[in-house]
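Visitor: Protein chains in written order, with this note's numbering: chain A, 1 to 402; chain B, 403 to 934; chain C, 935 to 1454.
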Amino acid sequence: MPITEAAAPHYQQPLLRTPFHARARALCEVDSYIPWAGYSTVDVFTSVEHEYFAIRNAATLYDLTPMVKYRIAGADAPDYLNRLVTRDIGKLGRDRVAYCVWCNDAGHIIDDGTVFRLGDTEFRLCTAMRQIDWLMASAVGFDVTIEEVTDRIAALALQGPTSCAVLKAAGFEGIERLKPFEIGRFAVGGAPITVSRTGFTGDLGYELWMEPAAAETIWDALMSSGRSRGIRAIGSQALNVARIEAGFISPNVDFVSAEHSLRVGRDRSPFELGLAWLLDFDKGHFTGRRALLAERRRGHRRRLVGLDVAGSKAAHNALVYCTRSGKREIGSVSSAVWSPTCKRNIALAMVDAPYFAMGSTVWVEIYLNRELVWERRMMQARVVERAFFAPVRRRSTPPADY
Amino acid sequence: MARPEEHDAIVVGAGHNGLVAACYLARTGLKVLVLERNAYIGGAAVSRRLYRDFTYSNCSYVCSLLRPEIIRALELPRFGLQIIPYEGGCTLMGNGDHLAIYENHDALRREIARHSKRDAEAYERYSRDVMRQCKFIKPLLMRTPPDPASFRPRDIRELLFLARRFHGLGEERMYDTLRFWTMSAADFLDEYFESEIVKAHFAGSSIIGTALGPRSPGSAYVLLHHYMGDIDDTVGAWGFARGGMGAVSNALGASLQASGGSIRSSAAVARILVRGGRAGGVVLADGEQIAAPLVISNLDVRRTFLETMSAEDLPDEFLRQVRNFKIRGSSGKLNIALDGLPRFPAIPAGAPCSRGDMHVTDTLEMMERAYDDWKEGRWSRAPYIDMLIPSQLDPTMAPDGKHYMSVFVQYCPYALADGAWTDAKRRQFGDTVIETIARHSPNFKDLILHAEIRTPWDIENEVGLTEGNIFQGELTMDQLLFNRPIPGYAQYRTPVRGVYLCGSSTHPGGGVMGAPGANAARTVLEDLGRAH
Amino acid sequence: MAAADAGGGFDCIVIGGGHNGLVCATLLARGGRSVALFEANDLLGGAAATREFAAGFRVSACAHLLHSMPAALQRELRLQSYGFATAATGMASTALVADGAALAIGAADLAAADAAAYARYDARMRRLAAALAPMLSRAPPRLGTRRWSELAPLLELGWRVRRLGARDMRELLRIAGMNVYDLLEENFESAALKGALALDAVLGANLGPRSPGSVLTLLHRLAGECAAGAAGLTQPLGGMGGLCDALARAARAAGVTIRTSSPVARIEVEADRASGVVLEGGERIAAGAVISSADPKTTFLHLLGARHLDAGFVRRVTHFRSRGLAAKLHLALDRAPQFTGLIPGREAGRLLIAPSLQYIERAYNHAKYGEYSQAPVMEITVPTINDPGLAPAGGHVLSAIVQYAPYSLKGGWELQRGGFADLAIDTIARYAPGLRRSIVASELLSPPDLEREFRISGGHWHHGDMALDQFWMVRPVPGAAQYRTPLDGLFLCGAGCHPGGGVVGAAGRNAARQVLQQAA
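1) How about F972 (chain C) and L1237 (chain C): do their beta carbons lie closer than 8 Å?
2) Starting from D424 (chain A), follow the beta strand (DSSP E) in both directions and report where the run begins and ends.
3) Determine the contact status of A1355 (chain C) and A1334 (chain C), defining contact as a CB-CB distance below 8 Å.
4) DSSP beta-bridge partners for M210 (chain A)?
5) Just list the beta strand (DSSP E) runs in the region 228–285 of chain A, keeping only unbroken ones of 3 residues or longer that don't cross its boundaries, in chain order.
6) Give me the Cα-Cα distance between T1168 (chain C) and S808 (chain B), rounded to the nearest whole angstrom.
7) Output yes or no for whether 8 Å exceeds the beta carbon distance between I1109 (chain C) and D880 (chain B).
8) Can the beta-carbon of R117 (chain A) be found closer than 8 Å to that of R87 (chain A)?
9) The alpha helix (DSSP H) spanning E986 (chain C) covers which residue range?
10) What does G890 (chain B) reach in chain C if we use C-beta pairs closer than 8 Å?
11) Can you check whether the CB of L501 (chain B) is closer than 8 Å to the CB of T493 (chain B)?
12) Consult DSSP for K1262 (chain C) and reduce its assignment to one of helix, strand or coil.
13) Starting from the Cα of R1257 (chain C), find the closest Cα among C:A1245, C:V1190 and C:Y1341 and give me that residue.
14) Cβ of G990 (chain C) within 8 Å of Cβ of G1329 (chain C)?
15) Can you find a C-beta in chain A that's less than 8 Å from the C-beta of P1456 (chain C)?
16) To which residues of the same chain is L510 (chain B) closer than 6 Å at the C-beta, ignoring the five residues directly before and after it?
17) Taking only beta-carbon atoms, is G431 (chain B) less than 8 Å away from chain A?
18) Could you tell me how far apart the beta carbons of A853 (chain B) and G870 (chain B) are, in whole angstroms, since I believe they sit closer than 8 Å?
19) Give the residues from the region 119–139 of chain A that approach chain C closer than 8 Å (Cβ to any Cβ), ordered along the chain.
20) Is T1318 (chain C) near L1324 (chain C), with beta carbons less than 8 Å apart?
21) What do you reckon, are the CB atoms on G952 (chain C) and A982 (chain C) nearer than 8 Å?
22) I'd like the list of long-range same chain contacts for L686 (chain B), defined as Cβ closer than 8 Å, with 5 residues on each side in sequence excluded.
23) Does the distance from the C-beta atom of P548 (chain B) to that of F873 (chain B) stay below 8 Å?
24) Taking only beta-carbon positions, decide if V1248 (chain C) is within less than 8 Å of chain A.
25) State whether the region 63–76 of chain A contacts the region 260–279 of chain A, with contact taken as three or more CB pairs (one from each stretch) at a distance under 8 Å.
26) Mapping DSSP to helix, strand and coil, what is H1001 (chain C)?
27) Using the DSSP secondary-structure output, state which residues sit across from P487 (chain B) in a beta bridge.
28) Along chain C, which residues have their Cβ under 9 Å away from the Cβ of N419 (chain B)?
29) Assign P1433 (chain C) to one of three DSSP states: helix, strand, or coil.
30) Spatial neighbours of A1445 (chain C) within its chain, please: C-beta separation below 8 Å, excluding the five flanking residues on both sides.
31) Could you check which residue in A:L348, A:C322, A:C342 and A:S339 has the C-alpha nearest to that of P354 (chain A)?
32) Can you confirm whether S618 (chain B), when its beta carbon is compared against all beta carbons of chain C, has any partner nearer than 8 Å?
33) Is it true that the CB of L239 (chain A) sits closer than 8 Å to the CB of L156 (chain A)?
34) Does K735 (chain B) come out as helix, strand or coil in the three-state DSSP assignment?
35) Say whether chain C places a C-beta atom closer than 8 Å to the C-beta of V226 (chain A).
36) Any Cβ of chain A within less than 8 Å of the Cβ of L494 (chain B)?
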């Protein structure tokens, strides 16, 4: 069943509402919404800080419905996906999820997303941006059907150390046995619901996929079972802090899709984004493979790395230099935040060779507005691994009872 | 007879390019005189009161291409120019449906998805590729093309500049660019879209003003030509000049006068004088001679050399090429005063898409068939229509509650196969257009208070554009860049020293862009050894 | 000459025994490679074969005249020593004009004003074409390359164009993107002359005279004629199949293993390389290189398969425009056709039905909408006049290329083939009264027929539109324009590559050179 559109037509109200809209609206105290893939979603419910700490301390609900979802099925679906993404889908078991990227012919990243194997020849691809144009272009010569099902599946991210306990209490029996990147099927209050142990927080967490009709019931059930476990609804801003801590990249923030870039030289390869581990050159051909093999031989000239920046002021949009004098620019920061959990000033930055080597020292130029006066600070930063925060609990099965 | 040293330069024709050139020259301290045949300035960028209190932009009707660097350098906003962007656009379909273009990205995606979900997303790739081409071409607009057959350092430098820019695109995009410049709009659009109405909508700009059909190779470039403009950095955006297109010319005129230049209207130039192999001034239709060492012609290349200069002053081969320059009238125009706002049932009430350009067509085939009619020397039986009601956004265009509608019609021939244009034929042409619109608007005909019907023949006679071609020459590959207007003479200079061209016949071509005027002025100043 | 290796594999496998495939195979074998060639049909020659379309009546299946096969290539292949003979050379062209004397094309035959103009025009066009001609025998350049050798053709072209002098250079740069309609209007008065000259620009092309780019197709043909040398329009003895027989003998003599009735089902890939082919019967044959003379769509999408290629490349291949617009009409006649108003002897040459530019443009109009032309444009030969052996004694064959006959005809060809054939016959009969009574048998090959018979996707003679955006370094698609493909060991050698269609053989030779260079 498609999600009910807002009453007003698209030219008056361009953004759609998700099935959780009424619930979210009731909790959104600061009236802060942002558009995401054609839907209106909450940016902040109450305060970014408190929402963020719920992710790391308790449990959080995040409306994931706008995530673009495709159903990919047909005899050639595994071959099709193998030609599309850089990982080996053949190795992906049934009811398992894989994080993937896909590239254009030049080996530049078009988007990242997750592939769910729902059956031998049935998959779901979840992406941040709409992709049907590229997905269909890639389908020539394959017996495969591709269908966008975004509005047929409501989705929630339940993340945080108490998330397993919340699910258990809500009647998701055996949820504690679900391993990372595994898919489980449940029925709650008569409604079928699929749960994957995936997420964008780098913490223990789950993503729940359901029919839109069941959306409010599930929301209510989780809120009620989570009440004693500190659950709260969170918006995109809090999630963004968590994902930077986890070192995850975000499209149009840390990279621009090779299908959208206008300027020459703005596209990025998996090597440059530090995603070489996603490349499987032995699985057979995939789009971009020849270009990426050449890049592997050639080496890459820049790389997205983590920066541990001195001081406490986030290095938003900062340029990166190799010396304090700021004479030679060697990159720029794409994401930055003060990490409340790590108590470090962290950032993701694209840095030129050879400065992207782990442990290198670089300088970032931060501008601070202090009572309407701008001050420029050159802060030292160290190149570090991107996963700033990676608790053991995100991987342990069964998860500890928080 | 005027004193010989009274003017440093004469600009023939007060079209927007002539005025732009004059402004740039006057700003360096040159004494510039602009001579205009009509009683009003602006050429084809005019606002005219032809019926009661209605203002008609009765030739060009929208603004986008006017280069921002010119607007800024000539301080046009100070002299009254304001451009108001469209709020949308749409194409009205024969089946009562429509395709709307909305500024909001999500609204637009959902609107295109009504016709094809796939096209809604292919649109992203389409915009990307058009934008990539715009980025490539825009820096070339305000430059003088090289002569590839020359060994002069400037030409070699400019060729190298082009080559380097092209090479900078990288392998894939170089091929894309090569293909884009040579493709037909239909083939180009086929590589993106599946829905007929989506293709037809975007193909519109590939045929406006041109004697090509959407299936003619090279029409993809014409499509691009209409995208190269921007309003306040929104690339491809179009808008209305407040007060009609005459506001552009009036601002230029005021800017010119503020810089010390002068304009004489109702002063038709009959001849450009050549003395001792170089420009000597002009003779007006009434016999008055005005001397000046520089004559810059805003007239099209045919009119300049075949009608205002003597054949003996020009090389034979050059004249042959001038005669071969293609200037074809292919567009008609209706200017209509309306007693109220017409209803278009296809467009949902309150949707902003009527406050922009509204088109009437269904398919590429329909547009191509409209072109086939033109090839046979008749106006299109089912014409492509680009209509706007500027008075919805600009309160100065019509009395309160009344509206002015500009209707651009593609195709309408300059010469009919069955003999000359007559009043009766002009009426029939107008009726064809009005009936076509009336099929989409039940109360349209009843609202018409006055309609001015303009065929290419009328446009030629009034504005002086040969054959009524709005670009002063076809925008085909043989007449672009270093081929425009004549190979070997694409640098605004002519075979006669001191005589220059500054109209849309020269690079980068037509539209109310001003770039030819600015480039011509730069060339003149270079030849004078003055910095600009 | 090298024999097949012991393992049953070959150095090179050539897919398709059309003229380009045969040329390529021969030159590879002479270059010391062991070569096998697989042809799907029982006859060699592909679309350049001679077919028996009625008992005892034989005709060239597609193109019926040679005009662009480089003289150097013919010599290189020693075709004459392998039995290639011509039935006629230097054939004249004559424009058929309704109710009037036919117009012979040539400076000597024209009215004074046009004669002088023609001489001027012809000389200039041939000068320009001569500058382009050497490019036909080079692999197109690759843009963005760091290798000088891949850029050399671009620099060479630039140098050759410069050497034309400023006037001709400027003219070339002007007309290269122009339409032939305007070019001819600039030069001539006579409608029949303009029509006839325009025909060569649009024959086999998806263009009308008013379509920009039609001058380039004309220049391209003239460049081919320039490279072909002095023979001019040539009719091979025994039809086009006569040429291919000689090519096949040359190939066999060079040691090429030729297998007919052996359709290739797919190209095998191993370790990121083309490693051989599998025949439709299931037989696998290994090879170090596979060279396909099949059209690009067939090669990439059907024989190789999209899964071995990048999606963006495949998108380009699917965008390659390859729907044919030319049909072929074959008539078996019991006597020689009598054309009215023809100078005696001219019936042995090439007869054109293209009485004016408007006529051609109107004929093209229909094709744009998936209709066939009500008044079609034709290139006609009566090959039996020069080569009586093609028909039983006293009988004659009329062979006509009929335009425009779009591949995707509204309503389908099955229902309309007969009607179109009748229309074509009636159109000829207007210039040759009594033709109908002499017809013993007839055949019309529509583009879908050509697709079926010769396995050319879209039934396009040239394997793909000859158009500005499908020319030279973007033909057939960027990434495969230098005969190499994105897959190592797989090459193209057919008309889908530079320099395109027509019985030219240059694609086959250029491809062979690439293969030999790569392996060397």
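Glycine included, every Cβ here is placed at the ideal spot set by N, Cα and C.
Guide: Short version:
1) In this structure, L1237 (chain C) does not lie closer than 8 Å to F972 (chain C) by Cβ.
2) One cannot answer for residue 424 (chain A) here, as it falls past the ends of chain A, which runs 1 to 402.
3) Not closer than 8 Å, so no.
4) DSSP, once it has assigned bridges, lists A:A154 and A:I193 as partnering M210 (chain A).
5) 231–233, all fully within the region 228–285 of chain A.
6) Distance between the alpha carbons of T1168 (chain C) and S808 (chain B): 59 Å.
7) Yes, these two residues count as a Cβ contact at 8 Å.
8) No, these two residues do not count as a Cβ contact at 8 Å.
9) E986 (chain C) -> not in any alpha helix (DSSP H); beta strand (DSSP E) instead, spanning T984 to A988.
10) Within chain C, the residues near G890 (chain B) are A1100 and R1104.
11) For T493 (chain B) and L501 (chain B), yes; Cβs fall inside 8 Å.
12) When secondary structure is reduced to three states using DSSP, K1262 (chain C) falls in the strand class.
13) Considering only alpha carbons, the answer is C:Y1341.
14) For G990 (chain C) and G1329 (chain C), yes; Cβs fall inside 8 Å.
15) Nothing can be reported for residue 1456 (chain C): it is not among the residues displayed for chain C, which extend from 935 to 1454.
16) Cβ neighbours of L510 (chain B) beyond the five flanking positions: Y504.
17) False, the Cβ-Cβ gap to chain A never drops below 8 Å.
18) No, A853 (chain B) and G870 (chain B) are not in contact; Cβ-Cβ is about 18 Å, not under 8 Å.
19) Flagged, chain order: W134, A137 and S138.
20) Cβ distance < 8 Å, so T1318 (chain C) and L1324 (chain C) count as in contact.
21) Taking 8 Å as the Cβ cut-off, G952 (chain C) and A982 (chain C) qualify as a contacting pair.
22) These residues qualify, in order along the chain: L437, A669, A670, V671, A672 and I692.
23) Not in contact: P548 (chain B) and F873 (chain B) (Cβ atoms no closer than 8 Å).
24) Chain A places a beta carbon closer than 8 Å to that of V1248 (chain C), counting this residue as a contact.
25) Between the region 63–76 of chain A and the region 260–279 of chain A, the count of C-beta pairs closer than 8 Å stays below three; the two stretches do not touch.
26) Note: H1001 (chain C) maps to coil in three-state DSSP.
27) B:G641.
28) Think of a sphere of 9 Å around the beta carbon of N419 (chain B): no beta carbon from chain C falls inside it, the nearest being about 23 Å out.
29) If DSSP states are grouped into helix, strand and coil, P1433 (chain C) belongs with coil.
30) Taken in chain order, the residues that qualify are N954, C958, I1225, Y1417, F1425, L1426, C1427 and C1431.
31) Of the listed residues, the one whose Cα sits closest to P354 (chain A) is A:C322.
32) Chain C, which has a Cβ nearer than 8 Å to the Cβ of S618 (chain B), makes this yes.
33) For the pair L156 (chain A) and L239 (chain A), the CB atoms are not nearer than the 8 Å cut-off.
34) Here K735 (chain B) sits in strand by DSSP.
35) Position check: residue 226 (chain A) holds Gly in this sequence, whereas Val was assumed. No, because no Cβ of chain C sits closer than 8 Å to the Cβ of G226 (chain A).
36) Taking 8 Å as the threshold, the shortest C-beta distance from L494 (chain B) to chain A does not fall below it.
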